[in-house]
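Chemist: Let me begin by handing over the structure; questions about it come next.
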Amino acid sequence: MSKIQVNVTGAESFISANGLEALRPDGKAAFEKLTDGTGLGNDFLGWVKLPSETSNELLDDINATAARLRELCDVVVAIGIGGSYLGAKAVIEALSGAFDSYKPNTGTKVLFAGQNIGEDYLAELQDFLKDKKFGIIVISKSGTTTEPAIAFRILREQLENQLGREEAGKRIVAVTDAKRGALRTLANTEGYKTYVIEDNVGGRFSVLTPVGLLPIAVAGFDIHALVEGAREMEKGTLAGTDTSAMTYALYRNALYRSGKKIEILVNYNPKLHFFGEWWKQLYGESEGKDNKGIFPAAVDNTTDLHSMGQWIQEGERIIFETVVSVATADRELRIPFDESNLDGLNYIAGKRVDEVNKMAELGTRIAHIDGGVPNMQVVIPALNANTLGSLIYFFEAACGISGYILGVNPFNQPGVEAYKKNMFALLEKPGYEAETAAIKAKL
Ligand code: PA5
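Per our numbering, residue 90 is the first one in the sequence shown, and the count goes up by one each step.
Written out as structure tokens, the structure is:
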């Protein structure tokens with residue numbers, strides 16, 4: 090049985106039986122494109138068998154590097170953006186204790202930079218690192234992305250000023266292309282420890298490569314269990330015995346064709362906030378092209394029931410929801426009985442907090458379905474490294490299938506270049522003279 094249970098009963102009534110049946114051949118063809126490599130972007134299918142092809146020796150090597158960084162550093166800054174940031178952030182947030190970052194002496198902390206160009210963010214990070222033993226993992230597949238390059242230049246200078254170039258170099262690890270890019274050249278010149286991002290794995294599919302695994306290991310989490318969870322999912326999915334990814338891909342496309350243009354990924358566990366951010370990037374960059382694609386949004390419930398809940402319940406009916414549900418909470422906490430009962434809560438005294446949360450989840454699903462919002466549920470048994478690995482592979486596989494059903498190349502992101510071109514033109518980057526003239530004429 091699949092570790093991931095996809096419950097589509099809340100979506101059925103919004104899709105005609107014909108609509109779904111008509112999609113099945115497209116789903117089959119999409120799956121075959123992924124497995125035989127005959128689809129668009131087929132030079133980026135390295136992620137399909139990545140979990141099973143990842144050796145335990147590589148994982149041990151990553152763990153050894155992580156242990157060395159943990160020994161040398163109180164803080165490690167993971168520098169990267171997009172696929173070189175979100176996977177690690179999502180997994181670390183999902184597995185960390187909610188208040189771990191406020192606790193002293195709980196091991197090396199992983200912070201992030203290069204995912205924005207916030208001057209205040211970087212200056213405040215510099216202040217924070219001033220009296221800390223810190224290291225850097227700089228991650229960029231292309232090795233040329235502006236945001237991480239700026240952050241790395243600033244933090245590398247700080248580290249070298251603190252320790253000298255040689256000692257700083259021992260605390261810097263680069264994850265980048267095997268041969269190309271400015272970061273590869275710099276890493277080779279400075280003799281940094283490096284890990285390679287294979288050519289055939291795109292950024293947003295790279296969380297299970299050293300891109301995600303090294304920061305996750307530094308944060309102290311079990312990368313063997315994470316990859317093992319993905320391996321299990323890969324095995325079932327590719328053998329066709331686990332059809333959960335296919336089901337999800339088919340239903341979301343059927344809903345899209347019935348006019349539901351926005352998908353909201355919903356969680357009822359605050360630790361999954363950044364998992365929603367990772368998912369948004371995976372689906373947004375993979376599907377939003379050729380003037381097509383479901384717009385991926387995310388909410389954290391029950392928090393957002395008191396903000397976005399109104400819109401979801403009664404706004405324009407162009408949305409559907411996918412709830413990522415964690416079957417069992419890790420901890421047990423019961424609501425106490427109170428003699429005075431002034432808050433009127435004694436009717437739930439003795440119940441676990443998670444039971445109340447689950448009733449909020451169920452009540453909301455029913456209310457939204459009644460209000461015209463189709464609802465799917467993706468259930469994992471518990472939140473741990475192993476289930477997260479399975480969930481990551483599930484969403485990656487479904488994304489590949491879904492993108493091919495939609496008829497796009499799920500593995501490129503040509504639209505991302507537009508802002509870069511304008512930014513370089515405005516900053517008068519050498520080589521952009523014509524663009525600079527053209528954009529200035531518009532101002
Ligand atoms: O999914 C993608 O390919 C992108 O989001 C990239 O991960 C992102 O642009 C960062 O690129 P790079 O790792 O080359 O710096």
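Heads up, the beta-carbon is just placed ideally off N, CA and C, and yes, glycines get one too.
Determine the contact status of residue 148 and residue 316, defining contact as a CB-CB distance below 8 Å.
Modeler: Closer than 8 Å, so yes.
Chemist: Considering only the beta carbon of each residue, do residue 306 and residue 475 sit closer than 8 Å?
Modeler: No, these two residues do not count as a Cβ contact at 8 Å.
Chemist: Output the distance between the C-alpha atoms of residue 374 and residue 352, rounded to the nearest integer angstrom.
Modeler: Approximately 14 Å between the Cα atoms of the pair.
Chemist: Going by DSSP, what residue range makes up the alpha helix (DSSP H) through residue 459?
Modeler: Where residue 459 is concerned, the enclosing alpha helix (DSSP H) stretches over 442–459.
Chemist: Which residues does DSSP pair with residue 389 in a beta bridge?
Modeler: Note: residue 389 sits in a beta bridge opposite 356.
Chemist: What does a CB cutoff of less than 7 Å around residue 342 pick up in its chain, not counting 5 residues either side in sequence?
Modeler: Cβ neighbours of residue 342 beyond the five flanking positions: 112, 491, 494 and 495.
Chemist: So, is residue 236 buried or exposed, given that buried needs 16 or more other C-beta atoms within 10 angstroms?
Modeler: Classification of residue 236: buried, given that the 10 Å Cβ count is 16 or more.
Chemist: The beta strand (DSSP E) that contains residue 414, what's its start and end?
Modeler: Run containing residue 414: 408–415, per the beta strand (DSSP E) assignment.
Chemist: Which residues share a DSSP beta bridge with residue 320?
Modeler: Bridge partners of residue 320: none, in fact.
Chemist: Excluding the 5 residues flanking residue 337 on each side, which residues of the same chain have their C-beta closer than 6 Å to its C-beta?
Modeler: Correct list, in chain order: 95 and 487.
Chemist: Name the residue from 207, 478 and 289 whose alpha carbon lies nearest to the alpha carbon of residue 266.
Modeler: Per the Cα distances, 289.
Chemist: So, with DSSP's three-state summary, where would you put residue 296?
Modeler: Correct three-state label for residue 296: coil.
Chemist: Compute the Euclidean distance between the alpha carbons of residue 128 and residue 156, then round it to the nearest angstrom.
Modeler: Rounded to the nearest angstrom, the two C-alpha atoms are 41 Å apart.
Chemist: To the nearest angstrom, report how far apart residue 505 and residue 280 are at their CA atoms.
Modeler: Approximately 32 Å, taken between the alpha carbons.
Chemist: What alpha helix (DSSP H) runs, 4 residues minimum, are completely inside the region 323–351?
Modeler: For the region 323–351, whole alpha helix (DSSP H) runs of length 4 or above, ordered along the chain, are 333–346.
Chemist: So, using beta-carbon positions, are residue 241 and residue 227 closer together than 8 Å?
Modeler: Yes.
Chemist: Below 7 Å CB to CB, which residues in the same chain sit around residue 499 once its five sequence neighbours on both sides are set aside?
Modeler: Once the five neighbours on either side are set aside, the close Cβ partners of residue 499 are 130, 375, 376, 488, 489, 492 and 493.
Chemist: From the DSSP secondary-structure annotation, give me the bridge partner or partners of residue 200.
Modeler: In DSSP, residue 200 forms a bridge with 166.
Chemist: Within a Cβ cutoff of 6 Å, which residues of the same chain sit near residue 231, ignoring the five residues on either side of it in sequence?
Modeler: Hits under 6 Å: 270.
Chemist: I'd like the list of long-range same chain contacts for residue 248, defined as Cβ closer than 6 Å, with 5 residues on each side in sequence excluded.
Modeler: Hits under 6 Å: 257.
Chemist: Is residue 229 helix, strand or coil when you go by DSSP?
Modeler: Reduced to three states, the DSSP call for residue 229 is strand.
Chemist: Exposed or buried, residue 179, counting other C-beta atoms within 10 Å across all chains shown (16 or more means buried)?
Modeler: Per the 10 Å Cβ criterion, buried.
Chemist: Closer than 7 Å: is that where the CB of residue 234 sits relative to any heavy atom of the ligand PA5?
Modeler: Yes, the Cβ of residue 234 comes within 7 Å of a heavy atom of the ligand PA5.
Chemist: Are the beta-carbon atoms of residue 481 and residue 297 separated by less than 8 Å?
Modeler: In this structure, residue 297 lies closer than 8 Å to residue 481 by Cβ.
Chemist: What is the residue span of the beta strand (DSSP E) that residue 265 lies within?
Modeler: Residues 261–265.
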